[in-house]
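Engineer: Following this message is one structure expressed as structure tokens.
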Amino acid sequence: MGSKARDTAHFARAIGYWYDAKGHKANAAEVVPVTVETRRSIPRNRRFRLHYAYATSAHAWLPQYVKEREDVLASNLYFIGGGNMAEAIITAVRKHDDRYPVDHIYVEDISEARLSYLEKTYQVTPATPRDTPDNVDIAVIAVRPQDDVTGVATSIVNRFDQRTTSVVSIVAGYTIAQLERTLGGERRITRIIPNTLTTVDYGYSGVSSNQAAADAPDSVRKGLDAWLSTFGKPLHVEERLIDVITGFYPPNLVYHFIDAYVDAGVLAGLPRDISKAIALDTVIGGTELLKQRDVLPQVLLNINNSPGGVGITEAYTLNKTGFAAAIQSAVLAAVERTTKLGKEAQ
Ligand SMILES: NC(=O)c1ccc[n+]([C@@H]2O[C@H](COP(=O)([O-])OP(=O)(O)OC[C@H]3O[C@@H](n4cnc5c(N)ncnc54)[C@H](OP(=O)(O)O)[C@@H]3O)[C@@H](O)[C@H]2O)c1
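The opening position of the sequence shown corresponds to residue 1 in full-length UniProt numbering, with each subsequent residue numbered one higher.
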């Protein structure tokens, strides 16, 4: 390939990223025609970007942009296990392409029906252990602890080059030490615990890495953080806290509370739809107030619960029923269960 064609290829590819990062769509009049020679020079999985290549006036700002985004260019994701959590992450990554432009998303799952659903819905590429691409930046283990996690890790050793591919596990309870036993200590391994609330732009992901990942070049660590930030706020913690976060954070507890709250309204005589509307607004509004004031609930409860009033009567009744202890016991049990599942995992 001549140097002119090479330049054009580089230019077109970079523009493609700019399109992704800014989320702008070129309209038909602005699309830059790309020569056949240029198209051949670009890896197949990047070609579709060129359909959106932007106008030539982009020349002026392009070099600076490419420099800024160097750390997250050429990112390919590979999911092993395409279940609910993988789907939530894929949705969020697509939505936040400005934080982490993705060239390609591959998904491997033992269910063909599931793969074809993901392909149709998110245009991901179905993959199998036999046709693994060789340019994967992040391989995500997204199977359940009850599945063959060790088997999945073993297949990663054989398929993904440890110099290029970071391994991220979302498997609840499965420790970095367990993963290192199969993947080896030299492999960059990060354990995360994401949250389905990421689909609505809420939620934290607990994140903990092994030494190899902590020692990785800046560009790799920045790239991983950029990816993590597409599906929740990354919270880097010691690994011992990952199980605690797993048991503590799912929205289930909130759903249980809202369920009981709506029923309480109905029990007291409100129609269910009114009870639900009030309950949801009260939960959102109460949370917003706590965030704005930056205080713990006790501060607002002290204001609301006037002597001999309605609020303190409600508080007394909740205390008698063991409300706080019920929530705390549920969280402790969930944390214990997480750790147990990880220990039992194969
Ligand atoms: N859901 C959450 O809110 C959440 C939050 C944080 C962490 N996690 C963790 O994320 C992981 C996945 O959870 P999930 O809710 O997404 O589970 P899920 O919906 O059951 O997804 C797991 C998927 O992996 C497939 N699978 C099983 N073994 C496989 C293998 N060897 N190779 C390829 N695919 C395989 C399963 O197929 P079959 O169903 O056909 O077996 C299923 O489609 C779990 O470890 C969980 O602890 C989940």
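From the three backbone atoms N, C-alpha and C, an ideal C-beta is built for every residue, glycine too. Predicted, not measured: the structure shown is a model, and the values here were computed from it.
Does DSSP put His104 in a helix, in a strand, or in coil?
Structural biologist: strand
Engineer: What are the partner residues of Thr125, as DSSP defines its beta bridges?
Structural biologist: Tyr106
Engineer: Leaving out the 5 sequence neighbours to the left and right, which residues in its chain are closer than 6 Å to Thr121 when beta-carbon positions are compared?
Structural biologist: none
Engineer: Considering only residues of the same chain and omitting the five flanking positions on each side of Ser275, which have a CB-CB separation below 6 Å?
Structural biologist: Val262, Gly265 and Val266
Engineer: Compute the distance between the beta-carbons of Gly173 and Thr317, then report whether it is under 7 Å.
Structural biologist: no
Engineer: Take Phe257 as the anchor and find which of Ala277, Asp161, Ala226 and Ile327 has the nearest alpha-carbon.
Structural biologist: Ile327
Engineer: Excluding five sequence neighbours on each side, which residues of the same chain lie with their C-beta closer than 8 Å to the C-beta of Phe248?
Structural biologist: Val331, Ala334 and Val335
Engineer: In whole angstroms, what separates the C-alpha of Glu344 from that of Val152?
Structural biologist: It is roughly 16 Å from the alpha-carbon of Glu344 to the alpha-carbon of Val152.
Engineer: What are the boundary residues of the beta strand (DSSP E) that residue 363 is part of?
Structural biologist: The structure shown does not extend to residue 363, since the chain spans only 1 to 346, so no value can be given for it.
Engineer: In whole angstroms, give me the CA-to-CA distance for Leu300 and Tyr204.
Structural biologist: 25 Å
Engineer: Pick helix, strand or coil for Thr165, following the three-state DSSP scheme.
Structural biologist: coil
Engineer: Runs of 4 residues minimum, wholly inside the region 271-302: which ones carry the alpha helix (DSSP H) assignment?
Structural biologist: 272-293
Engineer: Quick one, are the C-beta atoms of Thr190 and Ala213 less than 7 Å apart?
Structural biologist: yes
Engineer: Quick one: what does DSSP say Gly151 is sitting in, helix, strand or coil?
Structural biologist: helix
Engineer: Give a yes or no on whether the C-beta atoms belonging to Ala142 and Ile170 are separated by under 7 Å.
Structural biologist: yes
Engineer: How many Å lie between Ser208 and Glu238 at the Cα?
Structural biologist: Each residue's Cα considered, the two are about 6 Å apart.
Engineer: Just to confirm, does Ala142 get its C-beta within under 6 Å of one of the non-hydrogen atoms of ligand 1?
Structural biologist: yes
Engineer: So, for Arg159: in the same chain, excluding its five sequence neighbours on each side, which residues have a beta-carbon less than 6 Å away from its beta-carbon?
Structural biologist: Thr132
Engineer: In chain order, which alpha helix (DSSP H) runs of at least 4 residues are fully inside the region 220-276?
Structural biologist: 240-248 and 252-267
Engineer: Assuming Ala124 and Ile90 are in contact, meaning their beta carbons sit under 8 Å apart, how far apart are those beta carbons, in whole angstroms?
Structural biologist: Per the sequence shown, residue 124 should be read as Val rather than Ala. 6 Å between Cβ atoms; contact.
Engineer: Pick helix, strand or coil for Gln308, following the three-state DSSP scheme.
Structural biologist: Here residue 308 is Gly; the residue named in the question, Gln, does not match the sequence. Here Gly308 sits in coil by DSSP.
Engineer: Quick one: does the C-beta of Ile189 sit closer than 6 Å to a heavy atom of ligand 1?
Structural biologist: no
Engineer: Hey, out of Thr198, Arg130, Ser219 and Ala268, whose CA is closest to Arg94's CA?
Structural biologist: In this structure, Thr198 is the residue among Thr198, Arg130, Ser219 and Ala268 with its C-alpha nearest to the C-alpha of Arg94.
Engineer: Can you tell me whether DSSP reads Tyr204 as helix, strand or coil?
Structural biologist: strand
Engineer: By a C-beta neighbour count over all protein chains shown, 10 Å radius and 16 as the cutoff for buried, is Gly309 buried or exposed?
Structural biologist: exposed
Engineer: In terms of residues, what are the limits of the beta strand (DSSP E) holding Val191?
Structural biologist: The question names Val, yet the displayed sequence has Arg at residue 191. Start and end: Ile189 to Ile193.
Engineer: Would the beta-carbon of Arg114 be found less than 6 Å away from any heavy atom of ligand 1?
Structural biologist: yes
Engineer: Within the same chain, show all residues whose beta-carbon is closer than 8 Å to that of Ile245, passing over the 5 residues directly before and after it, in chain order.
Structural biologist: Ile193, Tyr204, Gly206, Leu235 and Val237
Engineer: Which whole-angstrom value describes the C-beta separation of Leu118 and Val157, a residue pair presumed to lie in contact below a C-beta threshold of 8 Å?
Structural biologist: Contact doesn't hold; Cβ gap of about 25 Å is too wide.
Engineer: Around the Cβ of Gly322, are there at least 16 other Cβ atoms within 10 angstroms (buried) or fewer (exposed)?
Structural biologist: exposed
Engineer: Confirm, please, whether the CB-CB distance from Tyr100 to Thr282 is below 7 Å.
Structural biologist: no
Engineer: Can you give me the C-alpha to C-alpha distance between residue 394 and Ser219, rounded to a whole angstrom?
Structural biologist: In the structure as shown, the chain starts at 1 and stops at 346, and residue 394 therefore has no counterpart that could be examined.
Engineer: Cβ atoms of Glu108 and Ala88: under 7 Å apart, would you say?
Structural biologist: Going by beta carbons, Ala88 and Glu108 fall outside the 7 Å limit.
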